[in-house]
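In what follows, a structure is listed as structure tokens, so that the remarks can point back to it.
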Amino acid sequence: MKFPKQKRAAVGSVKARCRSCRKSLILTTVLILSLTLLFTALTWTPAEAAYRTDGYGIFFGDQLVVSTMTEEDALEILEGVKAHYRLENAQVLQMDFQGRVTVEACKIVLQDAKNAEEGLAYVLKHQTSKLTVLSQQKYVQTRELEEGPAYSEDFGDFDVFDKIKAERYTGMLEYSILLTMENDRVVDRDISDKKMILTAEEHTGAKGLAFTEEGQIRFAVSLIPPVPLNVTSAYGESRAETGYHLGVDLYNPGGTPIAAAASGVVTRISGGGSYGNLIIIDHGGGVQTYYSHCRSIGVAMGQTVEAGDYIGTVGNTGRTTGNHLHFELRLNGATLDPMEFL
Ligand SMILES: [Zn+2]
39 MKFPKQKRAA VGSVKARCRS CRKSLILTTV LILSLTLLFT ALTWTPAEAA
89 YRTDGYGIFF GDQLVVSTMT EEDALEILEG VKAHYRLENA QVLQMDFQGR
139 VTVEACKIVL QDAKNAEEGL AYVLKHQTSK LTVLSQQKYV QTRELEEGPA
189 YSEDFGDFDV FDKIKAERYT GMLEYSILLT MENDRVVDRD ISDKKMILTA
239 EEHTGAKGLA FTEEGQIRFA VSLIPPVPLN VTSAYGESRA ETGYHLGVDL
289 YNPGGTPIAA AASGVVTRIS GGGSYGNLII IDHGGGVQTY YSHCRSIGVA
339 MGQTVEAGDY IGTVGNTGRT TGNHLHFELR LNGATLDPME FL
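Heads up, the sequence shown is in our numbering, so the first residue is 39 and it goes up one at a time.
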């Protein structure tokens, strides 16, 4: 009695097994298909791109930036990048890549390999290429100075300048601009080596004046003391007639020889008036020296003298309270403090 039941059960279980068998078959098929698809997806690449060969790479750290077939191409690309950021007419003080940039032999994907020209274009186009050129570049600029007020522009050490009648000069301002750059971006800008170069306009052939980089005036003439420098009245002291003292009074006994302060030509000899006996020597470049209150005059009009030559003696002619040499230095008629140049 049990058997049929068992059989029935067996029959029933076979049926059940078949159902589960069909289910697992579908599951297995789906699984196999999925795996196949996944495998295909993972392993599929274009046939040509998979072709790897020996070449060179430009690396930023350990990141490949661009690959080339030859080392020369890679080096040319790097040089090209630097050249691209070199300013015209500039002096390159320093130029290098930021970080560690190297050219190394390596396996490259043939399709990605670039020649020098392509590689350079690629690097310059892609700012994210990690190749950043850090540089310091300097260039010299000149500009013409305007007349008049331009001369009073902030120029630090050039305080001597306002003593000069500048409008009779043409001038050039020369300076260096030092740029600190990241590729073509200016990170810092510094102006240095300011130099002002003045040329006498009204005296053709004159040497003119030049200023050194330190801002010191470099005169067209250098003066020697015409007499011992015993200053009894300084330049610029207030005076009733002229408002201020146009020269320097150098006390010396009557008859003391006076020397020409620089080489030049005697352009004026006169007597009378407040200057008394006066000698004027023209040194060129608009520079003149005046020797006043002389007792005697030892030169003639138009005479050429050398620095140190005897030209006359100290006296007290003209408006004076005693023996002294009233000595003036003039530039295009404007007086300067002679003591600054002695
Ligand atoms: Zn005087």
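Glycine residues also receive a C-beta, built at the ideal position from the N, C-alpha and C atoms.
At a cut-off of 3 residues, the continuous stretches assigned as beta strand (DSSP E) that sit fully inside the region 303 to 343 are 316 to 322, 325 to 330. Contact between the region 287 to 306 and the region 315 to 333 is present: three or more C-beta pairs spanning the two stretches fall below 8 angstroms.
Residue environment for histidine 362: buried (at least 16 other C-beta atoms within 10 angstroms of its C-beta).
Closest in alpha carbon position to valine 337, among Glu110, Leu113, Thr351, Val325, is Thr351.
For serine 271, the Cβ falls inside the 7 angstroms cut-off from some heavy atom of ligand 1. For alanine 151, no beta strand (DSSP E) encloses it, and the DSSP letter there is neither H nor E. In this structure, the beta-carbon distance from tyrosine 94 to valine 141 falls below 8 angstroms. Secondary structure at alanine 297: strand, using DSSP grouped into helix, strand and coil. Counting other Cβ atoms within 10 Å of its Cβ, glycine 310 stays below 16 and is therefore classed as exposed.
By the neighbour-count criterion, in which 16 or more other beta carbons inside 10 Å mark a residue as buried, glycine 302 falls on the buried side.
Using a 10 angstroms sphere on the CB of cysteine 332, the tally of other CB atoms reaches 16 or more, which defines it as buried. For threonine 67, the three-state secondary structure derived from DSSP is helix.
Sequence-distant partners of tyrosine 289 (beyond 5 residues in either direction) whose C-beta falls short of 6 angstroms from its own C-beta, in its chain, are Asn268, Thr270, His362. The beta carbons of leucine 374 and leucine 380 sit no closer together than 8 angstroms.
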